[in-house]
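Encoded as structure tokens, the structure appears first; notes follow it.
Protein chains in written order, with the UniProt record's numbering: chain A, 1 to 124; chain B, 1 to 124.
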């Protein structure tokens with residue numbers, strides 16, 4: 001039986017995995033089975049592990065790192081700013097979203113909305 | 001007839017008013033009549049202008065300033081980090097929430113959730 005992760009631990013672990021510290025399956029494993037992901041906000045939400053896996057799988061082949069800039073965590077709700085840097089084909093991309101998450105009592109993410117627009121994505 | 005404010009303009013104006021650049025009524029005027037405010041997240045939501053006015057009225061007597069640190073705005077949805085400094089009775093308090101807002105087509109705030117905890121409040 002897994003330990004229940006507290007919100008701050010979950011957020012740190014999420015950013016670590018996004019930054020290349022783990023597999024797509026490990027990222028998906030942070031989500032509840034029927035979780036809903038909306039990234040960026042305004043896009044069609046993805047529901048459930050299969051749709052969420054498809055979303056994160058694009059990260060797997062990329063050389064990448066991520067850094068948690070600041071987080072606000074209150075019980076089962078969190079908002080945090082982080083920076084993800086990816087390198088592929090000689091290009092470097094920085095993206096810095098504000099993510100909003102809600103967790104369930106089992107310490108799994110039940111909803112995630114990522115706030116970012118074209119201005120928050122820098123190609124160099 | 002008022003012009004419809006775009007999301008980025010609304011967020012800038014909100015922070016300006018919070019920081020002492022206007023009255024409680026001007027803050028309340030940024031909200032739709034049936035808007036819902038949850039500050040901090042996890043507290044009982046306040047619905048409608050009267051409840052929202054009561055919430056912001058506590059700011060009015062305080063010497064204060066506010067600064068928008070960073071914002072992510074996509075259409076009618078926004079997340080932003082700001083810092084509010086208040087001075088009263090010889091004490092200075094800094095609070096730095098991440099606010100999440102949704103706007104309606106008339107450019108009014110329909111929902112606001114403020115993410116902050118005890119660690120995000122500094123008394124000095």
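Note that the Cβ used here is the ideal one computed from N, Cα and C, for glycine as well.
Proximal residues of chain A, C-beta to C-beta of residue i below 8 Å
i, result
"residue 66 of chain B", "The contacting residues do not exist; residue 66 of chain B stays about 16 Å from chain A at best."
Sequence-distant residues of the same chain with beta carbon closer than 8 Å to residue i, five excluded per side
i, result
"residue 106 of chain B", "4, 32"
"residue 117 of chain A", "40"
"residue 1 of chain A", "Low confidence applies here, because residue 1 of chain A scores a pLDDT of 47, under 50, leaving its location unreliable and the question unanswered by this model."
"residue 19 of chain A", "64, 65, 66, 67, 84"
"residue 60 of chain B", "23, 24"
"residue 51 of chain B", "37"
"residue 58 of chain B", "none"
"residue 21 of chain A", "none"
Nearest candidate by alpha-carbon position, reference residue i, set the options
i, options, result
"residue 40 of chain B", "B:120, B:82, B:115, B:52", "B:115"
"residue 126 of chain A", "A:23, A:25, A:8, A:43", "In this structure chain A extends from 1 to 124, so residue 126 of chain A is not present and cannot be described."
"residue 9 of chain A", "A:68, A:92, A:93", "A:68"
"residue 91 of chain A", "A:26, A:122, A:29", "A:122"
"residue 30 of chain A", "A:99, A:45, A:59, A:13", "A:13"
"residue 99 of chain B", "B:73, B:59, B:58", "B:73"
Nonlocal neighbours in the same chain, by C-beta distance under 7 Å from residue i, ignoring five residues either side
i, result
"residue 120 of chain B", "95, 96, 97"
"residue 56 of chain A", "24, 27, 28"
"residue 34 of chain B", "47, 48"
Rounded distance between the beta-carbons of residue j and residue i, thought under 8 Å
i, j, result
"residue 47 of chain B", "residue 36 of chain B", "5 Å"
"residue 86 of chain A", "residue 7 of chain A", "Between residue 7 of chain A and residue 86 of chain A the Cβ distance is about 26 Å, and since that is not below 8 Å, they are no contact."
Cut-off 6 Å between Cβ atoms - residues of its own chain near residue i, not counting five sequence neighbours on either side
i, result
"residue 125 of chain A", "The structure shown does not extend to residue 125 of chain A, since chain A spans only 1 to 124, so no value can be given for it."
"residue 11 of chain A", "71, 78, 80"
"residue 104 of chain A", "32, 110"
"residue 88 of chain B", "62"
"residue 15 of chain A", "66, 68, 82"
"residue 38 of chain A", "45, 113"
"residue 93 of chain A", "86, 123"
"residue 17 of chain B", "26, 27"
Contacts of residue i in chain B (Cβ-Cβ under 8 Å)
i, result
"residue 107 of chain A", "Chain B residues near residue 107 of chain A: none, gap ~17 Å exceeds 8 Å."
"residue 120 of chain A", "72"
Partner residues on chain A for residue i, Cβ-Cβ distance less than 9 Å
i, result
"residue 46 of chain B", "Near residue 46 of chain B there are no residues of chain A at all, since even the closest Cβ is about 17 Å away, more than 9 Å."
"residue 14 of chain B", "Those do not exist, as residue 14 of chain B stays about 16 Å from chain A at its closest Cβ, beyond 9 Å."
Per-residue contacts from residue i into chain A (C-beta, under 7 Å)
i, result
"residue 98 of chain B", "72, 79, 98"
"residue 41 of chain B", "74, 77"
"residue 117 of chain B", "72, 73, 74"
Interface partners of residue i on chain B, CB under 7 Å
i, result
"residue 11 of chain A", "In chain order: nothing, as chain B lies at least about 12 Å away."
"residue 56 of chain A", "Ordered by position in chain B, no residue passes the 7 Å Cβ test against residue 56 of chain A, which lies about 20 Å from the chain."
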